[in-house]
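Trainee: The sequence shown runs contiguously to residue 300 in our numbering. All C-beta atoms, glycine included, are put in the ideal place defined by N, C-alpha and C. Here the structure is a predicted model, which means the values were calculated and not measured. Mind having a look at this structure? Questions to follow.
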Amino acid sequence: MAAFGIAHQIDSFHDKMMKPIEVILAPYHGGVRGVRVGGGPVRLMELGLTEDLERAGIEVSVSDLGQIPECEGELGRAFEIKRRVACIVSEAIRAGRFPLVLSGNCNAEVGTYAGLGSPDVPVVWFDGHTDFYTPDDIDQGYFDSMGAATLTGQCWKRLANTVPGFVPLAPHRLIYCGSRHLEVRLLQRLSAAGVSMVEGGTRSSQSFAERLGNLLPRTSEEALIHLDMDCVDTSVGMANEYSEPGGLLREDLLACLDQIVARCEPLALTVASYDPGQPGSDQIGELAIAAIKRVIGLHK
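Printed below as a string of structure tokens:
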């Protein structure tokens with residue numbers, strides 16, 4: 001009976017969901033176009049994403065961020081990407097279109113969130129990592145590990161305020177799924193901030209979807225979905241060079257998405273961190289497309 005209830009809710013949601021889609025291409029890694037995970041958005045298009053959607057009768061438009069100035073350095077380029085994503089997402093929302101952001105780096109999520117014009121909407125963040133580091137507590141200086149920290153106002157506050165529509169997300173409105181092998185000090189910071197998490201890499205009597213369902217809002221609510229492809233287990237394929245065992249299998253990811261759309265109305269979806277140069281990359285790309293279709297209405 002419970003399974004029927006979820007299926008019925010999904011059907012009801014998807015009856016309303018089949019709206020036009022704005023595919024927003026942000027094919028950058030470290031502010032450089034087309035390298036490493038920056039090649040992921042284009043590869044998803046090559047694998048037939050838009051054709052699949054159009055065959056299902058969904059109207060699809062495609063926007064590209066265009067060239068980002070080379071003179072500003074990685075930090076400057078990364079925030080220019082966020083600003084452009086925010087503007088295009090905002091335009092899509094005003095036009096009644098569902099924003100589907102295909103990004104190289106996951107920190108573009110700051111722009112997606114800002115462009116929604118819905119401060120404090122809960123964010124369900126699928127990721128093998130947390131991206132909750134700040135410049136003061138990271139050793140290797142990897143900027144893309146700071147995306148969620150920026151989103152929640154932990155760092156880069158002045159630059160974040162240059163992103164149109166940005167208001168920091170309250171950390172307790174952030175729900176992680178699939179993050180694993182985390183440092184103790186990072187877990188302590190996340191706990192202190194009030195962040196919720198379905199942790200990967202651990203044994204549990206409950207599935208990922210069951211544990212996620214326990215954390216989702218109990219009443220119907222809007223939500224933003226962030227899908228970093230290295231949330232997926234390495235047995236499925238290598239999403240990028242930072243992929244690790246202990247992640248979600250295909251059926252886990254799709255079941256989690258079913259839980260979300262049964263409970264919430266997705267306002268936008270960002271797919272990131274997919275490197276088509278890694279072993280088994282097309283399996284990851286095909287799963288990303290299946291996940292997209294699950295969220296926007298093609299769940300069968």
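Evaluate H226 with the Cβ neighbour count: other Cβ atoms within 10 Å of its Cβ, from every protein chain shown; 16 or more gives buried, anything less gives exposed.
Mentor: In the sequence shown, counting from the first residue as 1, residue 226 sits at position 226. Looking at its Cβ environment, which holds 16 or more other Cβ atoms inside 10 Å, H226 is buried.
Trainee: Quick check: the segment 276 to 288 against the segment 103 to 118, are at least 3 beta-carbon pairs closer than 8 Å?
Mentor: no
Trainee: Quick check on the burial criterion: 16 or more other C-beta atoms within 10 angstroms. Buried or exposed for Y142?
Mentor: By 1-based counting over the sequence shown, the position of residue 142 is 142. Exposure of Y142 is indicated by the presence of fewer than 16 other C-beta atoms within 10 angstroms of its C-beta.
Trainee: Tell me the DSSP secondary structure of D228 in three-state form.
Mentor: Indexing the sequence shown from 1 puts residue 228 at position 228. In this structure, D228 counts as strand in the three-state DSSP scheme.
Trainee: Kindly give me the distance between the Cβ atoms of F98 and I21, rounded to whole angstroms, as I take these residues to be in contact under 8 Å.
Mentor: Here the question's residue 98 lines up with position 98 in the sequence shown. Here the question's residue 21 lines up with position 21 in the sequence shown. Right, their Cβ atoms sit about 5 Å apart.
Trainee: Kindly indicate the opening and closing residues of the alpha helix (DSSP H) around E251.
Mentor: Along the sequence shown, read from residue 1 onward, the residue named residue 251 stands at position 251. From DSSP, the alpha helix (DSSP H) with E251 extends over 250 to 263.
Trainee: Pick from L65, P27, D230, Y133: whose alpha carbon is nearest that of G246?
Mentor: Here residue 246 corresponds to residue number 246 of the sequence shown, with the count starting at 1. Of the listed residues, the one whose Cα sits closest to G246 is D230.
Trainee: Is it right to say R218 is buried, meaning 16 or more other beta carbons lie within 10 angstroms of its own, or is it exposed?
Mentor: Residue numbering aside, residue 218 sits at position 218 when the sequence shown is read from its first letter. Label assigned to R218: exposed.
Trainee: Quick check: P69 and A223, are their CB atoms within less than 8 Å of each other?
Mentor: Numbered from 1 along the sequence shown, position 69 holds the residue referred to as residue 69. Numbered from 1 along the sequence shown, position 223 holds the residue referred to as residue 223. No, the Cβ-Cβ distance between P69 and A223 is not below 8 Å.
Trainee: Pull up the distance between the alpha-carbon of D131 and that of A262, whole angstroms please.
Mentor: As a working mapping, residue 131 is identified with position 131 in the sequence shown. As a working mapping, residue 262 is identified with position 262 in the sequence shown. Answer to the nearest angstrom: the Cα atoms are 27 Å apart.
Trainee: Kindly indicate which residue of D233, M238, E221, I289 has the alpha-carbon position closest to the one of Q259.
Mentor: Locating residue 259 in the sequence shown gives position 259, where the first residue counts as 1. Among D233, M238, E221, I289, the Cα nearest to that of Q259 is on E221.
Trainee: Look at the Cβ atom of A26, then the Cβ atom of L102, and state whether they are nearer than 8 Å.
Mentor: Reading the sequence shown from its first residue, position 26 is the one you call residue 26. Reading the sequence shown from its first residue, position 102 is the one you call residue 102. A contact, by the Cβ cut-off of 8 Å.
Trainee: Would you kindly report the start and end of the unbroken beta strand (DSSP E) that includes M197?
Mentor: Here residue 197 refers to the residue found at position 197 when the sequence shown is read from its first residue. From DSSP, the beta strand (DSSP E) with M197 extends over 196 to 198.
Trainee: Can G194 and P168 be called in contact, C-beta distance under 8 Å?
Mentor: Locating residue 194 in the sequence shown gives position 194, counting from the first residue. Locating residue 168 in the sequence shown gives position 168, counting from the first residue. Cβ atoms of G194 and P168: not closer than 8 Å.
Trainee: Among the candidates I296, P164, A290, whose CA atom is the shortest distance from the CA of E91?
Mentor: What you label residue 91 is simply residue 91 of the sequence shown in a count that begins at 1. Ranking I296, P164, A290 by Cα distance to E91 puts P164 first.
Trainee: Do M146 and T134 have their C-beta atoms closer together than 8 Å?
Mentor: Here residue 146 refers to the residue found at position 146 of the sequence shown. Here residue 134 refers to the residue found at position 134 of the sequence shown. Yes. Within cutoff.
Trainee: Nearer than 7 Å: is that true of the beta carbon of C231 relative to any heavy atom of the ligand MN?
Mentor: Annotation note on the ligand MN: not contained in the displayed structure, which lists no ligands.
Trainee: Assign R203 to buried or exposed, taking buried as 16 or more other Cβ atoms, counted over all protein chains shown, within 10 Å of its Cβ.
Mentor: Position 203 of the sequence shown, counted from the start, is the residue given in the question as residue 203. Label assigned to R203: exposed.
Trainee: How is P279 classed by DSSP in three states: helix, strand or coil?
Mentor: Taking the first residue of the sequence shown as 1, we reach residue 279 at position 279. Looking at P279 - three-state DSSP - the assignment turns out to be coil, as it is neither helix nor strand.
Trainee: Per DSSP, what kind of secondary structure is S90 in: helix, strand or coil?
Mentor: The count along the sequence shown starts at 1 and reaches residue 90 at position 90. Reduced to three states, the DSSP call for S90 is helix.
Trainee: S281 and M238 look like a contact to me (Cβ under 8 Å); what is the Cβ gap, rounded to whole Å?
Mentor: Here residue 281 refers to the residue found at position 281 when the sequence shown is read from its first residue. Here residue 238 refers to the residue found at position 238 when the sequence shown is read from its first residue. The Cβ separation is near 7 Å, so the contact holds.
Trainee: Could you tell me the alpha carbon to alpha carbon distance between P119 and L249, rounded to whole angstroms?
Mentor: If you number the sequence shown from 1, residue 119 lands on position 119. If you number the sequence shown from 1, residue 249 lands on position 249. Each residue's alpha carbon lies about 32 Å from the other.
Trainee: What separation, rounded to the nearest whole angstrom, lies between the Cα atoms of G285 and R185?
Mentor: Translated into the one-based positions of the sequence shown, residue 285 becomes position 285. Translated into the one-based positions of the sequence shown, residue 185 becomes position 185. Separation of G285 and R185 (C-alpha to C-alpha, rounded to the nearest whole angstrom) is 33 Å.
Trainee: Output the boundary residues of the beta strand (DSSP E) element that contains F208.
Mentor: If you number the sequence shown from 1, residue 208 lands on position 208. Per DSSP, F208 belongs to no beta strand (DSSP E); it is in the alpha helix (DSSP H), 208 to 215.
Trainee: Taking buried to mean at least 16 other C-beta atoms within 10 Å of its own C-beta, is E59 buried or exposed?
Mentor: Residue numbering aside, residue 59 sits at position 59 when the sequence shown is read from its first letter. Its Cβ having fewer than 16 others within 10 Å, E59 is exposed.
Trainee: Since E232 and L253 should fall inside the 8 Å C-beta cutoff, what is the C-beta to C-beta distance between them, to a whole number of angstroms?
Mentor: Taking the first residue of the sequence shown as 1, we reach residue 232 at position 232. Taking the first residue of the sequence shown as 1, we reach residue 253 at position 253. A small fix is needed here, since residue 232 is Val in this sequence, not Glu. Your pair V232 and L253 checks out as a contact, with CB atoms roughly 6 Å apart and the cut at 8 Å.
Trainee: Going by DSSP in three states, D144 sits in which element: helix, strand or coil?
Mentor: By one-based count along the sequence shown, residue 144 stands at place 144. Helix.
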